[in-house]
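For reference, the structure discussed in these notes is given below.
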Amino acid sequence: MAELRTFHLPGAWGLVTLSPFCLKLDAFLRMTGIEHEAITASTPFGGPKKKAPWIEYKGKKMGDSTLIIDFLKQEFGKDPDAHLDARQRATIVTMQRLIEENLYWVMVYDRWARNENWPRMKSTVLRDIPAPVRSLLAPYARYAVKKQLAGHGMGLHSTHEIESIARKDIDALAALLGEGPWNFGEQPTMADATVYSLLANILFVEFESTMKDMIRIHPTLTAMLERFRARFYAE
Ligand SMILES: N[C@@H](CCC(=O)N[C@@H](CS)C(=O)NCC(=O)O)C(=O)O
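Residues in the sequence shown are numbered consecutively from -7, following the working numbering.
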C-alpha cells in the first residue's frame, strides 16, 4: 500500500474525476510525480470535511485540495511553481479564488440545477452509490446543492445573470493566458492545472453548459486545455 492515498469522486468521458478540486490535486500529483495510490470514492462523506478530495498519509486524513497541495509541496519538496516570482504566485492565488470561489458555482448550477443535466448527473457523479440508496439520496443531494447555491449567492441570480458572470470570468482567464503556451511562459504551473481542473470539467464532459461556447471562442485557451490533457492525461 502506498504511503500516500488520495480519494477522489468518480470520473467519466476520459476525465479521471468529475470534481474540479479532485482533478486539480490529481494534476498536481502528475506534474510532480509524487508516488501515491488514487482511490475512487462514491461520495465525499469519507473525507474529514465531508468534501472531496481528501488524503490519508501517515495515519492521518486531510481535506481541501489547496491545503493538501501546500502540505505535499512541503513534505515532498516538489513545487511546480518554485521558479515563479512573488507577483506570479499572487496571480495564481487570485486566479484560484476566481475559479474555485466563483466560476465553480456556475458549473455546479449547470450540473445540478438545470433539469436537462439531472439524468446525466445521476448516472455519472452519483453512479457508484448502490441503486436503492441512490434513489433516496439523489433528490436529497440535489436539494442540498441548490441550498448551497443559494447560500453562496450564485443560485439567487437569473440564468441570464449567471451567464454574464461566467463570461466575464472566462474572458479574464483567456486574457491572463495571453498567447500561451502556458500562463507563465514555457512551463506549466499550478495556474494551468487550476484552469484545467475546472474548464476541462466544462468543455470535455457531456453536461449541457453555455460555458462551452464561452471557452471555445478563445482558441488559445482551448489549445492550452488540449495541451494540458495531452501532456498529463495522454492515456
Ligand atoms: N475547498 C474545497 C472544496 C471541495 C468541494 O467542494 N468538493 C465538492 C466536490 S467538487 C464536494 O465534495 N462537495 C460535497 C458537498 O459540498 O457536500 C477543496 O478545495 O477541496
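Every residue, glycine too, gets a C-beta built ideally from N, C-alpha and C.
What first and last residue would you give for the alpha helix (DSSP H) that runs through residue i?
| i | result |
| --- | --- |
| Ile236 | An answer regarding residue 236 cannot be provided, because it is not within the stretch -7 to 227 covered by the chain. |
| Gly145 | That residue, Gly145, is in no alpha helix (DSSP H); it is neither H nor E in DSSP. |
| Met54 | Element bounds for Met54: not the alpha helix (DSSP H) but the beta strand (DSSP E), 52 to 55. |
| Thr9 | Unbroken run through Thr9: none, as it is neither H nor E. |
| Ala185 | 182 to 195 |
| Glu27 | Premise fails: Glu27 is in no alpha helix (DSSP H) and is neither H nor E. |
Considering residue i, what are the terminal residues of the beta strand (DSSP E) in which it resides?
| i | result |
| --- | --- |
| Pro176 | Here the sequence assigns Phe to residue 176, which means Pro is not the residue at that position. Neither: Phe176 is in no beta strand (DSSP E) and is coded neither H nor E. |
| Thr202 | Segment: none, Thr202 is in no beta strand (DSSP E) and carries neither H nor E. |
| Leu(-4) | -4 to 0 |
| Trp46 | 46 to 49 |
What do you get for residue i, buried or exposed, if any count of 16 or more other CB atoms within 10 angstroms of its CB means buried?
| i | result |
| --- | --- |
| Arg79 | exposed |
| Asp84 | The amino acid at residue 84 is misidentified as Asp; the sequence shows Ile. The residue is buried, with at least 16 neighbouring Cβ atoms inside 10 Å. |
| Phe37 | exposed |
| Ala74 | exposed |
| Tyr188 | buried |
| Leu169 | buried |
Kindly indicate which residue of the options has the alpha-carbon position closest to the one of residue i.
| i | options | result |
| --- | --- | --- |
| Ser224 | Met203, Arg208, Asp184, Thr214 | What sits at residue 224 in the sequence shown is Phe, not Ser. It is Asp184. |
| Gln88 | Ala4, Asp161, Glu178, Ala226 | Asp161 |
| Ala226 | Leu76, Pro211, Ala(-6), Gly6 | Gly6 |
| Leu76 | Thr214, Gln140, Gln179, Leu213 | Gln179 |
So, does the stretch 57 to 71 touch the stretch 11 to 27, judging by three or more C-beta pairs under 8 Å? With a cut-off of 8 Å, the stretch 11 to 27 and the stretch 57 to 71 count as touching, because enough Cβ pairs lie within range.
Can you confirm whether the stretch 209 to 219 touches the stretch 180 to 198 when touching is taken to mean that 3 or more C-beta pairs between the two stretches lie within less than 8 Å? The stretch 180 to 198 is in contact with the stretch 209 to 219.
Contact between the stretch 169 to 176 and the stretch -2 to 7 (3+ Cβ pairs under 8 Å): Flag = no, the stretch 169 to 176 and the stretch -2 to 7 do not touch.
Taking one C-beta from the stretch 193 to 203 and one from the stretch 1 to 10 each time, how about it: are there three or more such pairs within less than 8 Å? The stretch 193 to 203, when compared against the stretch 1 to 10, does touch it at the 8 Å Cβ threshold.
How do the stretch 44 to 53 and the stretch 140 to 156 stand: do at least 3 beta-carbon pairs fall below 8 Å, yes or no? Touching, no, given that fewer than three Cβ pairs across the two stretches are closer than 8 Å.
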